[in-house]
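Working notes, structure below.
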Amino acid sequence: MCGILGVFNINEEPVHRDLIKSMADKIAHRGPDSDGFYVKDNIGLAHKRLAILDTSEKGAQPMGSKDGTWIIIFNGCIYNFSELKLELKTKGHKFSSETDTEVICEGLSEYGTSFFQRLNGMFAIGAWNIKEEKLYLSRDRFGIKPLYYWFNGQTLCFSSEIKAIIKHPDYKIDVDLQALNEYFTFQNVFSFNTLFKGVSMLPPANTVKIDASTTLVKHESWWDYDFTKTDESMSFEFAKSETKRLFEQAVKRQMIADVPVGAYLSGGMDSGSITSIASKHVDRLSTFTCGFDMSEVTGREANFDERRDAELMANHFKTEQFEQVINAGDIRWSLPKLVYHLEDLRVGMSYANYYISRLASKFVKVCLQGTGGDELFGGYPWRYYKVFDSLNKEDFFSQYYEFWQRLVPDAEKETLFTKEVFDKVDIDEPRRVFERVFTFNDKLKYNTPEQHINNSLYFELKTFLPGLFLVGDKLAMAHGLEERFPFMDNDLVDFAMKVPVKHKLGNLEKEIAKIDENSEKQKSSYREFNDGKNVLRKAMSDFIPDEIINRKKQGFSAPDESWYRGENAEYVKELLLADNTVSTKYINKEYIHKIIKEHIEDGINHRLLIWSFMNFEWWCKIFLNGETV
2 MCGILGVFNI NEEPVHRDLI KSMADKIAHR GPDSDGFYVK DNIGLAHKRL AILDTSEKGA
62 QPMGSKDGTW IIIFNGCIYN FSELKLELKT KGHKFSSETD TEVICEGLSE YGTSFFQRLN
122 GMFAIGAWNI KEEKLYLSRD RFGIKPLYYW FNGQTLCFSS EIKAIIKHPD YKIDVDLQAL
182 NEYFTFQNVF SFNTLFKGVS MLPPANTVKI DASTTLVKHE SWWDYDFTKT DESMSFEFAK
242 SETKRLFEQA VKRQMIADVP VGAYLSGGMD SGSITSIASK HVDRLSTFTC GFDMSEVTGR
302 EANFDERRDA ELMANHFKTE QFEQVINAGD IRWSLPKLVY HLEDLRVGMS YANYYISRLA
362 SKFVKVCLQG TGGDELFGGY PWRYYKVFDS LNKEDFFSQY YEFWQRLVPD AEKETLFTKE
422 VFDKVDIDEP RRVFERVFTF NDKLKYNTPE QHINNSLYFE LKTFLPGLFL VGDKLAMAHG
482 LEERFPFMDN DLVDFAMKVP VKHKLGNLEK EIAKIDENSE KQKSSYREFN DGKNVLRKAM
542 SDFIPDEIIN RKKQGFSAPD ESWYRGENAE YVKELLLADN TVSTKYINKE YIHKIIKEHI
602 EDGINHRLLI WSFMNFEWWC KIFLNGETV
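Encoded structure:
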């Protein structure tokens, strides 16, 4: 719901309204309904509004508290704002709108910035304390809504998207080589750096304070995932019934809106369960499915199109179903646009997100989707079984780091990067970044299979999942669409962390029994099992057809492997091996050529790496060379 930005000159230089407006124009797509500005002396705030709750002018931002203490700009949705509003009314606060924004204003007035911790929802907030002349930035528990900042010691700029920050005349664009090293290791950035040197992302569940004395932006963490307090006495039946209750509650909560709400509908259990519940609250719920032209697709990718299962559920739930079919040629057209909107390159194939959100935005303003269920309830058992028999912490780190080097292993970095880049990067830094995710939390233990699995869930929730949220947010907001994630409800997440691993992975006890340190054959066999989200499957069995419940987990992906060998082979070569290729200042062209040849001619699947090469090339074209899209 919206785009926010601000400029705070701690050197007391005045902020000019024209500058704030020009920066806000770069994120106008996030809020096509209206805009608002607060500019006074050395602080400037801007808001681009996508009106979801109380669409009247009463919901306009920036918004001030009744006592004149706070001015806030806010992007997101607070699902427990009605309960908080009632509480604040008992303390004498008056309200003139039906917005969650006004509740945040009055909550800050009553409780100060600790109020952020009580919000159940997704949010990125900029809050200016007029009396103290202090700026506070805060972000939701799970990192659903993005918030970036740049600080040069004199000026702090923050925004929902980086493209607004780099519009500031004092920012000089350059590549953060360590972030580049991370990206080509993990296909993600696990630290809070970005490819834009000097621009950082505020971590989830963190608040920062900036005032005239600030020399360094200090993150204050106020919440973290905790899988160390699982209730081993919990029965499977209780886990099932409570998961079902809390999930239904979460979906109902997140349907709050004064505009049309729809749902993404893949062929999977998570989106199907959301659709099942949502369809009970909306007559003729609009659902949206993305499929692929499979006419030239072979091998395992031939099963990637989920339209048939989605249609089955759409018919079952009596929804108004819309489909988007993507073909290989769509990549050429969409890739520059999605890179422009993503800015901060993360995770894999994302053009499906671009197309499906564009389709949904024509019919609704809010769309529910199922991201988060896998990470909370153990949806990727093949990942956990790679490390659940680790001997100790060091063994766990080594095995898991090897797995998460999704693109280029450290041993190949010298051939990946040009000499100039390789000499400047610390090749060991990605490993240290990886380990810091775990060592940040001193509660984690590494003694049992269950602990190793819970540590894996913790890691994916802290790293991989925020990358998915970022892609979802940026590409949905590119079309003025708000995505919501019922699995990421505070109460549901709190409960999911207490559910024992044995209830999440149906074959866990059998797999533990198979552990034999002297038998590689046994190790390879148990790692092929697919038994994830067992308690969630049972809880959802009342909502969706058995054939969906019992379907083998396959994930959602485009048939890129086939397309890069077929119709898109020439485009890949044209983009990455041409004389005017920009990214070869950083990436060895010989290495790119080797990867493309191995993929096309030798049958080695490099689809993720080729996708990342293409993304980075367009990133360089757009943000370094200034090409328009």
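Numbering (the numbering used here), first residue to last: 2 to 630. Each residue gets a CB set at the ideal place from its N, CA and C atoms; glycine is no exception.
Item                                                                                                                         : Value
DSSP three-state assignment for residue 521, whether helix, strand or coil                                                   : Low confidence applies here, because residue 521 scores a pLDDT of 40, under 50, leaving its location unreliable; read the following figure in that light. DSSP places residue 521 in helix when its eight states are reduced to three.
Own chain partners of residue 415 with C-beta closer than 6 angstroms, once the 5 adjacent residues on each side are dropped : 423
Touch test, the segment 142-156 against the segment 580-599, Cβ-Cβ under 8 angstroms, three pairs minimum                    : no
Residues sharing a beta bridge with residue 264, DSSP                                                                        : 288, 369
Exposed unless 16 or more other CB atoms sit within 10 angstroms - verdict on residue 197                                    : buried
N- and C-terminal bounds of the alpha helix (DSSP H) containing residue 339                                                  : 331-343
Rounded Cβ spacing between residue 157 and residue 128 (contact assumed at less than 8 angstroms)                            : The Cβ separation is near 14 angstroms, so there is no contact.
Alpha-carbon spacing of residue 277 relative to residue 548, whole angstroms                                                 : 15 angstroms
First and last residue of the uninterrupted beta strand (DSSP E) at residue 322                                              : 321-327
Identity of the residue in 227, 49, 279 nearest residue 30 by Cα                                                             : 49
Simplified DSSP assignment, three categories, for residue 49                                                                 : strand
Proximal residues to residue 104 (C-beta, below 8 angstroms), its chain only, five neighbours per side dropped               : 79, 82, 85, 86, 89, 96
Straight-line Cα distance separating residue 106 from residue 151                                                            : 25 angstroms
Short Cβ contact (7 angstroms threshold) for residue 149 with residue 218                                                    : no
Counted within 10 angstroms of its Cβ, other Cβ atoms place residue 392 as buried (16 or more) or exposed                    : exposed
Reduced DSSP secondary structure (H/G/I, E/B, other) of residue 174                                                          : coil
Residue 270 - DSSP class collapsed to helix/strand/coil                                                                      : helix
Pair within 7 angstroms by beta-carbon distance, residue 209 and residue 120                                                 : no
Segment contact, 8 angstroms Cβ cut-off, at least three pairs: the segment 332-346 with the segment 305-316                  : no
Cutoff 6 angstroms; reference residue 45; Cβ partners in own chain excluding five residues on either side                    : 8, 16, 21
Status (buried if at least 16 other CB within 10 Å, exposed otherwise) for residue 571                                       : exposed
Pair within 7 angstroms by beta-carbon distance, residue 98 and residue 141                                                  : no
Top-ranked residue by Cα proximity to residue 567, from 600, 387, 435, 539                                                   : 600
N- and C-terminal bounds of the alpha helix (DSSP H) containing residue 18                                                   : 18-26
Beta-ladder partner(s) of residue 39, from DSSP                                                                              : 46
Distance CB(residue 508)-CB(residue 532) smaller than 7 angstroms                                                            : yes
N-terminal and C-terminal residue of the alpha helix (DSSP H) that residue 496 is part of                                    : 491-497
Buried or exposed (CB count within 10 angstroms, at least 16 for buried), residue 518                                        : Unreliable placement is indicated for residue 518, whose pLDDT of 39 sits below 50; no coordinate value is reported for it.
Entirely enclosed alpha helix (DSSP H) segments - the segment 102-172, minimum 4 residues                                    : 163-166
Outcome for residue 578 when other beta-carbon atoms lying within 10 angstroms are tallied against a minimum of 16           : exposed
Span separating the alpha-carbon of residue 113 from that of residue 576                                                     : 52 angstroms
Rounded Cβ spacing between residue 499 and residue 102 (contact assumed at less than 8 angstroms)                            : That belief does not hold up - the Cβ atoms of residue 499 and residue 102 are roughly 33 angstroms apart, past 8 angstroms.
Distance between beta carbons of residue 536 and residue 244, contact taken as under 8 angstroms                             : 6 angstroms
Contact under 7 angstroms by Cβ, residue 376 with residue 462                                                                : yes
Residue span of the alpha helix (DSSP H) that contains residue 394, given as start and end                                   : 394-405
Cβ neighbour criterion (16 or more within 10 Å) applied to residue 629                                                       : exposed
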